[in-house]
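So the sequence shown is numbered by our numbering: it starts at 7 and just counts up by one. Ideal Cβ placement from N, Cα and C applies to all residues, glycine included. Accompanying notes for the structure given below.
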Amino acid sequence: MTTSRKVYMETLGCQMNFNDSEVMLGLLKKEGFEPVDNKHEADLLIVNTCQIRGSAEDKAFSYLGTWGKLKAKKPHVKIAMAGCVSQQNKDAIFKRAPYVDIVFGTQNIHELPELVRKAFDGERQVLAVDRQKPRSTYDYLSDIAPVRESDISAWVTIIEGCDYFCTYCVVPYTRGRQISRAPESIIREVLQLAANGFKEITLLGQTVDSYGKDFEDRQYGLAELLYELSEISGIERIRFMTSHPLDLTDRIIDAVAELPKVMEYIHIPMQAGDDEILERMKRGYTSQQYYDLVRKIYDKVPNAAVTGDFIVGFPGETDEQFRRSVESVAIADIHAANTAAYSPRKQTPAAIWEERGQEISDEVKQERLQILNEAIHRQSLRKNLEYAGKTVEVLVEGKSKRNPERLTGRTRTNKVVNFNAPYSEDELVGKLIQVEITEPLPFSLIGNMVVPAEAMPVLQ
Ligand code: SAH
Ligand code: SF4
Ligand code: F3S
Numbered sequence: 007m008t009t010s011r012k013v014y015m016e017t018l019g020c021q022m023n024f025n026d027s028e029v030m031l032g033l034l035k036k037e038g039f040e041p042v043d044n045k046h047e048a049d050l051l052i053v054n055t056c057q058i059r060g061s062a063e064d065k066a067f068s069y070l071g072t073w074g075k076l077k078a079k080k081p082h083v084k085i086a087m088a089g090c091v092s093q094q095n096k097d098a099i100f101k102r103a104p105y106v107d108i109v110f111g112t113q114n115i116h117e118l119p120e121l122v123r124k125a126f127d128g129e130r131q132v133l134a135v136d137r138q139k140p141r142s143t144y145d146y147l148s149d150i151a152p153v154r155e156s157d158i159s160a161w162v163t164i165i166e167g168c169d170y171f172c173t174y175c176v177v178p179y180t181r182g183r184q185i186s187r188a189p190e191s192i193i194r195e196v197l198q199l200a201a202n203g204f205k206e207i208t209l210l211g212q213t214v215d216s217y218g219k220d221f222e223d224r225q226y227g228l229a230e231l232l233y234e235l236s237e238i239s240g241i242e243r244i245r246f247m248t249s250h251p252l253d254l255t256d257r258i259i260d261a262v263a264e265l266p267k268v269m270e271y272i273h274i275p276m277q278a279g280d281d282e283i284l285e286r287m288k289r290g291y292t293s294q295q296y297y298d299l300v301r302k303i304y305d306k307v308p309n310a311a312v313t314g315d316f317i318v319g320f321p322g323e324t325d326e327q328f329r330r331s332v333e334s335v336a337i338a339d340i341h342a343a344n345t346a347a348y349s350p351r352k353q354t355p356a357a358i359w360e361e362r363g364q365e366i367s368d369e370v371k372q373e374r375l376q377i378l379n380e381a382i383h384r385q386s387l388r389k390n391l392e393y394a395g396k397t398v399e400v401l402v403e404g405k406s407k408r409n410p411e412r413l414t415g416r417t418r419t420n421k422v423v424n425f426n427a428p429y430s431e432d433e434l435v436g437k438l439i440q441v442e443i444t445e446p447l448p449f450s451l452i453g454n455m456v457v458p459a460e461a462m463p464v465l466q
């Protein structure tokens with residue numbers, strides 16, 4: 007009798023990587039591997055890597071360093087590196103970290119069982135980092151049952167890669183060209199999720215709103231998909247991210263407005279508030295076009311929340327140009343934004359400009375990051391204050407991490423709500439309830455559950 011082998015996984019990067027990791031665990035489960043939370047118990051260690059910034063890449067190698075020491079004591083342990091760093095660095099990884107057994111890329115996830123078998127059969131330095139396939143990786147994987155983190159809310163990857171080649175960004179190199187997953191494969195997965203009791207899905211892609219543009223045999227886009235998925239009973243909430251300003255068509259915005267199951271939440275990165283910087287980033291829009299787009303969303307979709315991303319310290323960014331990013335937060339009237347200091351990425355044009363002397367010092371980048379973050383916090387609080395005294399729909403996720411007396415969930419606009427309720431976690435998890443907001447904070451809302459009249463005890 008063979009005892010089951012154990013796998014430990016660390017995931018870095020975006021939601022697409024988290025979804026990929028869930029699929030990898032699903033594939034390995036079929037091979038008899040059991041996922042564990044303790045790396046010391048594992049026979050197989052996998053890091054799913056991100057290359058978007060230098061810090062993410064460093065973190066991956068720091069995991070590998072620790073695991074290399076672990077393996078020195080337990081030589082039967084195998085180490086695998088997956089994801090965006092592998093896809094880009096290929097066999098160079100084996101030189102840098104010779105104790106690594108398997109390197110495989112974002113395009114080779116479906117081959118994982120075979121790669122693992124080879125490694126456990128004694129083959130050293132198993133490499134699989136092929137370039138683009140004719141179909142989406144997820145089309146090869148639609149029969150897999152991913153091991154998901156949540157049993158209420160699921161990630162569903164619908165488009166891979168990116169064709170934009172913004173001048174700072176590594177994604178088109180790590181994820182390849184844009185390739186949309188067949189609608190039939192997506193619908194099959196979502197039907198299965200509904201049958202398994204999932205309530206919420208988030209459709210994923212680096213430019214999720216350009217879904218379907220690469221289909222040659224049909225006219226089918228994100229709006230069409232949203233209409234079809236809305237028909238699936240059991241699924242109560244549908245989100246999608248990340249949108250690109252150039253792809254967010256009126257048809258998609260109308261679908262958000264019309265379909266009750268599609269949430270009033272749109273994440274569209276702006277990246278910079280200055281037109282010259284936007285042009286040098288090759289984003290394809292001006293600040294005014296971004297403002298007009300957000301205004302259109304707010305006009306068409308009442309109560310919507312738009313959020314964004316910004317990069318500070320892009321090569322050559324002047325103080326004045328940076329100021330425009332700060333100002334744009336209030337002008338665009340967004341609800342929140344992620345921020346990052348520009349990090350030069352090999353292969354990208356902006357990295358070469360940095361080398362040619364347009365580099366912004368780390369000190370200035372950090373100073374700008376702090377100023378921009380403060381502006382975003384003020385704006386987020388301003389937007390959250392609009393919720394005071396209002397009653398909002400919340401999908402309950404579980405106990406609040408900060409205060410176990412409270413439960414936690416999210417609004418339709420993706421805001422975290424921590425609330426008091428006269429019910430236990432088990433009674434409410436996965437349910438849609440109403441919460442009256444009593445205290446808006448910059449990053450979350452606090453409130454009390456509104457108990458429906460029919461649930462009240464009858465008073466004599
Ligand atoms: N596809 C999305 C976002 C992709 S990456 C879009 O087009 O907006 C997620 C975020 O990482 C980006 O929005 C950007 O703000 C940040 N990012 C990407 N490359 C970066 C780099 N080289 N340095 C710093 N931040 C970067
Ligand atoms: Fe990167 Fe630009 Fe593609 Fe977004 S649109 S993934 S920022 S290249
Ligand atoms: Fe990182 Fe790759 Fe996602 S570089 S942000 S994990 S697509």
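Here residue 152 is buried. Its C-beta has 16 or more other C-beta atoms within 10 Å.
Straight across, the Cα-Cα distance linking residue 16 with residue 458 is about 42 angstroms. For residue 355, the distance from the CB to the nearest heavy atom of the ligand SF4 is not below 6 angstroms. As the crow flies, the alpha-carbon of residue 279 is around 6 angstroms from that of residue 293. According to the DSSP assignment, residue 377 belongs to the alpha helix (DSSP H) that extends over 368-391. Straight across, the Cα-Cα distance linking residue 370 with residue 69 is about 30 angstroms.
In the three-state reduction of the DSSP assignment, residue 182 falls in the coil class.
Per DSSP, reduced to three states, the secondary structure at residue 267 is coil, with no helix or strand assignment. Per the C-alpha coordinates, the member of 135, 378, 163 positioned closest to residue 147 is 163. The C-beta distance from residue 173 to residue 214 rounds to 21 angstroms, too long to fall under 8 angstroms, and the pair is not in contact.
Within the segment 252-327, the runs of beta strand (DSSP E) at least 3 residues long that lie entirely inside it are, in chain order, 271-273, 311-318. In the DSSP assignment, residue 69 falls within the unbroken alpha helix (DSSP H) covering 60-79.
When 427, 328, 255 are compared, the shortest CA-CA separation from residue 461 is found for 427. The three-state secondary structure of residue 106, taken from DSSP, is coil. Shortest Cα-Cα distance from residue 220 to any of 65, 169, 387, 28 involves 169. Relative to the ligand SAH, residue 273 has its C-beta separated by 6 angstroms or more from all heavy atoms. In the three-state DSSP reduction, residue 129 falls in the coil class, being neither helix nor strand.
Look at the beta carbons and you see the segment 308-315 not touching the segment 353-363: under three pairs across the two are nearer than 8 angstroms. For residue 212, the CB falls within less than 6 angstroms of some heavy atom of the ligand SF4.
Counting the other CB atoms within 10 Å of its CB gives residue 82 a total below 16, which places it among the exposed residues.
DSSP places residue 42 in the coil class of the three-state scheme, outside both helix and strand.
Residue range 355-359 is occupied by the alpha helix (DSSP H) that includes residue 355, with no beta strand (DSSP E) assigned at that position. Under DSSP, the beta-bridge partners assigned to residue 446 are 451. Of the residues 346, 429, 167, the one whose Cα lies closest to the Cα of residue 184 is 167. Taken through DSSP and simplified to helix, strand or coil, residue 143 comes out as helix. Contact between the segment 230-243 and the segment 271-290 is not established, with fewer than three Cβ pairs separated by less than 8 angstroms. Note on geometry: alpha-carbon atoms of residue 94 and residue 180 lie some 6 angstroms from one another.
At a cut-off of 6 angstroms, the beta-carbon of residue 181 counts as near the ligand F3S: some heavy atom of the ligand is closer than that. Buried is the label assigned to residue 59, since at least 16 other Cβ atoms lie within 10 Å of its Cβ. When the Cα atoms are used, residue 429 and residue 72 turn out to be separated by approximately 44 angstroms. The straight-line gap separating the alpha-carbon atoms of residue 323 and residue 157 is approximately 44 angstroms. Proximity to residue 47 across 22, 125, 385, 13 peaks at 13, based on C-alpha coordinates. Residue burial annotation: residue 54 is buried, with at least 16 other C-beta atoms found within 10 angstroms of its C-beta. Taking a C-beta distance under 7 angstroms as the contact criterion, residue 85 and residue 107 qualify as a contact pair.
For the 7 angstroms CB-CB criterion, residue 191 and residue 145 form a contact.
In this model, residue 386 and residue 171 are separated by some 30 angstroms (Cα to Cα).
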